[in-house]
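In what follows, a structure is listed as structure tokens, so that the remarks can point back to it.
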Amino acid sequence: MNNIQVNFSIKDLENLTGIKAHTIRIWEKRYNLLKPNRTDTNIRHYSLASFQKLLNISYLNNHGIKISKIANLTEDEIPAKVREIASRSKIEDHALNALKMAMMNFDQISFYNTYNQLIETKSFSEIFYTVFLPLLNEIGLLWQTNTITPAHEHFLSVHIKQKILINIERIQSLEPKPSSKTFVLFLPENEIHDIGLLFINYQLRSKGYHTLFLGESVPMESLKDLLEFFKDITFISYFTVFPEAEDIPDYINKFNLLLLHKENTKLFLLGNKLINLETLVLPKKVTTFNSIENLVKDL
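In my numbering, each residue carries its 1-based index in the sequence shown increased by 895.
Below is the structure:
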């Protein structure tokens, strides 16, 4: 069972806020901005309240307020100053910190309130590109460094996924374009990270395309049945964790032979697993994209 993290090492704070541990120590010693607890062996550890305060300090500092001036603010004045600046500056910066804090506290109400503030001035697509996507990228790195637990990651991904599904539901009644083209969205076997693919589905449906969302861990062979039902298919998949990098060339070649032999079939691929495969020679019906925006833009 995962333990909910309420204490953080200085390395955790560095990973979560982007502020170097050396800088955090200087701010402590010179300005008394944080008051860490210490273990019996004199190792620093920090509370959730310290993490939140450091996020606020970082936000103010990034918006031009000197550390010496922040140090003169009271505990209540720091978050008040953050709210004041957030009200007249880029809401995305404040929202990223607010959602990160909601994740650490497993605070659903804070997540919903932050989202509702964003949706007042932004479209759902803008929120995904400018807030959710950068946040998910950062959370992935935090998970890899053991700064957060899988429970934190799941909390955030489930709530983001809910928002995508709600927005897909709102456009389900839109009639597809009068075209025979069908987009089939699936993840390869053992791949379960479907947020990016879900958002692509939303973008395609918004543009009026006919889509079939098959979701997680789909065996390649089972896709053959679709060739009997649709004449013009573009398959779309997202490689986040699987296949392993060394298995991707074989996967693509097998997919090409098995599913792309008909005239109007293509495969579009995205995902972190493709980053180091830029020199891979692809079959002519296979295209890779370095972002969701680029894929959607090219349709």
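Note that the Cβ used here is the ideal one computed from N, Cα and C, for glycine as well.
Here the structure is a predicted model, which means the values were calculated and not measured.
Cβ atoms of residue j and residue i: under 7 Å apart, would you say?
i	j	result
F1094	F1023	yes
Y1097	I1063	yes
V1026	A993	no
L1164	S1117	no
D1127	K1056	no
T1129	F1081	no
F1184	L1190	yes
E1048	I1087	no
V1113	I1147	no
Who are the Cβ neighbours of residue i in its own chain at under 6 Å, not counting the five residues just before and after it?
i	result
E970	none
I899	With a pLDDT of 45 at I899, under the threshold of 50, the modelled position of this residue cannot be trusted, and the question is left open.
I914	S953
Within a Cβ cutoff of 8 Å, which residues of the same chain sit near residue i, ignoring the five residues on either side of it in sequence?
i	result
N956	I962 and I965
K1119	L1153 and L1154
N1000	L943
G1091	Y1133, T1135, L1165, G1166 and I1187
L1122	I1128, L1154, K1157 and T1160
E923	L929, K930 and P931
R933	R939 and H940
So what does DSSP say about residue i, is it helix, strand or coil?
i	result
N898	Only weak support is given to the placement of N898: the predicted model assigns it a pLDDT of 43, under 50, and the value that follows is read from those uncertain coordinates. The answer is coil: DSSP assigns N898 none of H, G, I, E or B.
N927	coil
S1117	helix
I1043	coil
H1049	helix
I1128	strand
S904	coil
L994	helix
L1080	strand
G913	coil
Y1097	helix
T1174	coil
H1105	strand
S942	strand
N1185	coil
L1122	helix
K1149	helix
Residue i: which of the options sits nearest, CA to CA?
i	options	result
Y926	R1100, T1044 and N967	N967
S942	V1113, F1184 and F903	F903
T1135	N1011, H1105, K995 and L1169	L1169
L1194	N1085, K1161 and H1088	K1161
H1105	D1089, M1115 and S1068	S1068
P974	S1052, E987 and L949	L949
N910	N1032, A1140 and L1172	N1032
I1059	E1086, E1084 and E1021	E1021
Taking 6 Å as the cut-off, is the C-beta of residue i nearer than that to any heavy atom in the ligand ZN?
i	result
I1087	As far as ligands go, the structure on display features none, and thus does not contain the ligand ZN.
Could you check whether the Cβ of residue i sits closer than 7 Å to any Cβ belonging to chain B?
i	result
N1085	The chain labelled as chain B is not found in the depicted structure, where only one protein chain is given.
I'd like the ranges of any alpha helix (DSSP H) spanning at least 4 consecutive residues and lying wholly in the region 946–991. Along the length of the region 946–991, whole alpha helix (DSSP H) runs at least 4 residues long occupy 962–966 and 972–981, reported in chain order.
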